[in-house]
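Colleague: Residue 456 in my numbering sits at position 406 of the sequence shown; the count goes up by one each step and never skips.
Positions of the beta carbon are idealized from the N, C-alpha and C atoms, including for glycine.
So that we are looking at the same thing, I have put the structure below in structure tokens.
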Amino acid sequence: MKKTLITLAVLSTASVAYADEGMWMPQQLPQVAKELKAAGLKLDPNTLTKLTEFPMGAIVSLGGCSASFVSPQGLVATNHHCVYGSVAYNSKPERNLLANGFLANSLEEELPAAPGSRIFVTKEVTNVSDKIIDKEVARLTGKKRVDAIEKNSKALVAECEKDAGHRCNVYPYYGGLEFYMIKQMEIRDVRLVHAPAEGVGKFGGDTDNWMWPRHTGDYGFYRAYVSKDGKAADYSKDNVPYVPKHYLKLAKDGLKEGDFVMVLGYPGRTNRHRLPSEVAYTFDWNYPAFVKASGEALAIIAKETADSPDAKLKYASQVAGINNYYKNRQGMLDSYAGSDFLARKTKEHEELKTWINSNPARAKEFGDDIVQVEKLIAERDAKDKHDFFLERSFPRLLSTARALYRLANESAKPDAERKAGFQVRDLPRFKAGVEAVERNYVENVDKALVLNSLKQYAAQPTKDRNVDFDSIMGIKDGMSEADLKALLDKMYAGSKLADKASRAAWLSAKPEDFKASDDSFIKAAVAMYPVSMKREAEDEELAGKIQQSYANYMKAKIAYMKSKGQAVYPDANSTLRVTFGKVAGRDHGTADGLAWTAFTTVNGIPPKATGQGEFNAPAAQLAAIKAKDFGKYVDPHLKAVPVAYLATLDITGGNSGSAALNAKGELIGLAFDGTLDSIISDWDYNKANTRSIQVDLRYMLWQMKHVDKADRLIKEMGAE
């Protein structure tokens, strides 16, 4: 019998560890129905399991951010930082849309989003665990297991994608214990509709990022376009707005503290089921190294783009992304320092092993894998540490050349035998990425970034370097910075891949064309190919062993948690999840002794506004605030327009742009951030500290109505 969306995941229990904790798969919600109703949900929890019904049918993915339909004409609401790349793509020094914002006053004025932009509308979720790990695959290990899993996955995806215009993917859950196939309509014609000025959408910039109180209007709008017959299609002036089956209605009543709130979106990744050794590796080495490298990258980009407005625009989106993760990782490290997280994690893991070994049947089923998975994870982490600087020492165009050469080799095979990422289904986005390089690439900036990493890589002892990379790049012991710079200068000068037409030509080239080329980056890519294939095979051998042991480890953990009466949601993996809680400040004192209220208002903007940099609020906005021109968007208790609010929602990266809904399923804002001292919840959920930050719908509408004059959009959303 086909297992569809209404089928529960492997675990079904009656209780939950924490009321506000959990990124629940929609099909798991019947497990927490009592908690949802007790929290205040007025909808039937069972309706949330139906992806093609209201409200789930309105929730979409942007392939990295979350979003939702908010009109019958395919208007999509998401965060400003999620449309930021498209704003930057359409910006020029003489028309700086980042600084000034963008508003299309008609459908004809809407601009194509950045190349490769997509809107994914989920249509179906199917449990395919027994089709991915069938009896034959269950007997395999190592690379053979990885290859068989990929083969089965591609076969299912190919069958699913016979329905033209849809994208299907198989996702692992619980460490590869379960697999679900998700079918989504892939809307390829995405257009930028509205984004407020940077002084609104990014107000506070990196200074306020992950902080509270917050006054950022982090919202923006796309529109989905399709062919006249309603099918997914490439950009065309003849395309028409997509008509979604469902779209969210805007709440007419404002929020107050204590109100129920839920967020529906696509959280990226959490790590709550990780082993103690993974925690130690991440926080003792990987994150500190990442923070150091990110700080260096930001300084280099700032220096190299200082005298070029065009270069600054090209790297604006990358800088925003680096800054976000830089502060995120540092915040996690600060929370981890002096905490008992690792000790607790170790204790929990030991208790699990004790539970397993206390029963002969459990020991036989799980004992070996619990031991094996720790050894395998340690091996993987050691390899990652060894390659840290190496992976950052590839020039951008060399990476492009490697991808192009891999594509040429894969294209010589039947489509079903090609590596995932290089199949026919992947070519549109692959080509868009290759063709758009110059929109976010400047040679001197890239060269400076690579040189910084290459210096650190080359300074390592010979035994810690990659002999093949050294030979191909010409790296030798004792090379000075000048030597390395000369090496890079020669390599960059010897390539034409910075030219768009040159890159595009390689998309259809054959392997023999690459081998005959004298382009420096192409030559290096060809030379690296056998080595990279060998390394990939080694990595897959290890990955196959890890998948086998880790899945059984998770099976043991789920059984153990079930014995304690606790439900287990899977770690986030960029698939649709639901989290719920309430609007709430923080009653306990913060570091400076001040409690956090649940809302901020526009009255907090003028004291922060400096007229420049991160706090450059638009003059028209400041004038409206000074005149108390709040209209119907004023909160009667706050006596002003609310900007953002805190809630006890369990979210993470990827949830950006997620619809925040009230008890009736009406839109009340967009999730866009968390607080710095609670982001370690990606690893270690903290019930007392965890707060998500949402931009309030009332602020969005006030800014659109009273400042940006976006009356057309307000009318379209039914919020006149």
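Can you find at least 3 beta carbon pairs, one from the region 620-638 and one from the region 305-317, that sit closer than 8 angstroms?
Modeller: yes
Colleague: Going by DSSP in three states, Phe-439 sits in which element: helix, strand or coil?
Modeller: coil
Colleague: Quick one: what's got a C-beta closer than 7 angstroms to Lys-433's C-beta in the same chain, skipping five residues either side?
Modeller: none
Colleague: Taking DSSP as the reference, what is the three-state secondary structure of Ala-59?
Modeller: Since pLDDT at Ala-59 reaches only 39, below the 50 mark, its modelled position is unreliable, and the value read off the structure follows with that caveat. Here Ala-59 sits in coil by DSSP.
Colleague: Whose CA, out of Lys-682, Ile-608 and Ala-667, lies closest to the CA of Ser-402?
Modeller: Correcting the residue identity first, residue 402 is Leu in this sequence and not Ser. Checked all of Lys-682, Ile-608 and Ala-667; the closest Cα to Leu-402 is Ile-608.
Colleague: Specify whether the region 256-270 and the region 190-198 touch according to this definition: at least 3 beta carbon pairs, one from each stretch, less than 8 angstroms apart.
Modeller: Counting Cβ pairs under 8 angstroms, fewer than three are found: no touch.
Colleague: Can the beta-carbon of Phe-722 be found less than 8 angstroms from the beta-carbon of Gln-753?
Modeller: no
Colleague: Applying the criterion that 16 or more other CB atoms from any shown protein chain within 10 Å of the CB defines a buried residue, is Gln-671 buried or exposed?
Modeller: buried
Colleague: How is Leu-91 classed by DSSP in three states: helix, strand or coil?
Modeller: coil
Colleague: Which term fits Val-517, buried or exposed, when burial requires 16 or more other beta carbons within 10 angstroms of its beta carbon?
Modeller: The residue is exposed, with fewer than 16 neighbouring Cβ atoms inside 10 Å.
Colleague: Using the C-alpha atoms, what's the distance from Arg-452 back to Ser-579?
Modeller: First, the residue type needs correcting, since residue 579 is Tyr and not Ser in the sequence shown. Cα to Cα, Tyr-579 sits roughly 7 angstroms from Arg-452.
Colleague: I need the straight-line Cα distance from Met-529 to Ser-503, nearest angstrom please.
Modeller: 14 angstroms
Colleague: If I measure Cβ to Cβ from Ala-559 and keep anything under 7 angstroms in the same chain, skipping five residues before and after, which residues do I get?
Modeller: Ala-458
Colleague: Should Lys-287 be labelled buried (16 or more other beta-carbon atoms within 10 Å of its own) or exposed?
Modeller: exposed
Colleague: Per DSSP, Trp-74 forms a beta bridge with which residues?
Modeller: Val-628
Colleague: What are the start and end residues of each continuous beta strand (DSSP E) run of 3 or more residues lying completely inside the region 641-678, in chain order?
Modeller: 649-651
Colleague: Taking only three categories from DSSP, how would you classify Ile-427?
Modeller: helix
Colleague: What is the DSSP secondary structure of Asn-177, counted as helix, strand or coil?
Modeller: Correct three-state label for Asn-177: strand.
Colleague: Of the residues Glu-71, Val-137, Glu-429 and Glu-248, which one's Cα is nearest the Cα of Thr-320?
Modeller: Glu-71
Colleague: Should Val-250 and Pro-656 be called a contact, given that it needs their Cβ atoms to be closer than 8 angstroms?
Modeller: No, they are not a contact pair.
Colleague: Leaving out five residues on either side along the sequence, give the residues of the same chain with a beta carbon under 6 angstroms from the beta carbon of Ala-577.
Modeller: Here the set comprises Ile-522.
Colleague: Taking the beta strand (DSSP E) that Arg-241 falls in, what are its first and last residues?
Modeller: Residue range 239-245 is occupied by the beta strand (DSSP E) that includes Arg-241.
Colleague: Mapping the DSSP letters down to three states, classify Ser-582 as helix, strand or coil.
Modeller: helix
Colleague: Report yes or no: do three or more beta-carbon pairs, one from the region 155-175 and one from the region 134-144, lie closer than 8 angstroms?
Modeller: yes
Colleague: Which partner residues does Tyr-695 have in the DSSP bridge list?
Modeller: Phe-649 and Gln-744, per the DSSP bridge assignment.
Colleague: Using only the alpha-carbon positions, how far apart do Asp-465 and Asp-496 sit?
Modeller: 34 angstroms
Colleague: Applying the 10 Å Cβ sphere with the 16-neighbour rule, what's the burial state of Leu-477?
Modeller: exposed
Colleague: By how many angstroms is the C-alpha of Val-120 removed from the C-alpha of Ser-408?
Modeller: 54 angstroms
Colleague: Do you know offhand how far Met-750's Cα is from Ser-545's?
Modeller: 47 angstroms
Colleague: Can you pull the DSSP bridge partners for Tyr-272?
Modeller: Val-126 and Leu-242
Colleague: In terms of residue numbering, what span does the beta strand (DSSP E) encompassing Arg-217 cover?
Modeller: 216-223
Colleague: Taking 8 angstroms as the threshold (C-beta atoms), are His-130 and Pro-263 in contact?
Modeller: no
Colleague: If you count every other CB in all the chains shown that lies within 10 Å of the CB of Ser-367, and 16 or more means buried, which is it?
Modeller: Ser-367 should be labelled buried.
Colleague: If you draw a straight line from the C-alpha of Asn-140 to the C-alpha of Ser-708, how long is it?
Modeller: 24 angstroms
Colleague: Starting from Met-523, follow the beta strand (DSSP E) in both directions and report where the run begins and ends.
Modeller: First-last for Met-523: 517-523, but that is the alpha helix (DSSP H), not the beta strand (DSSP E).
Colleague: Consult DSSP for Thr-172 and reduce its assignment to one of helix, strand or coil.
Modeller: Per DSSP, reduced to three states, the secondary structure at Thr-172 is strand.
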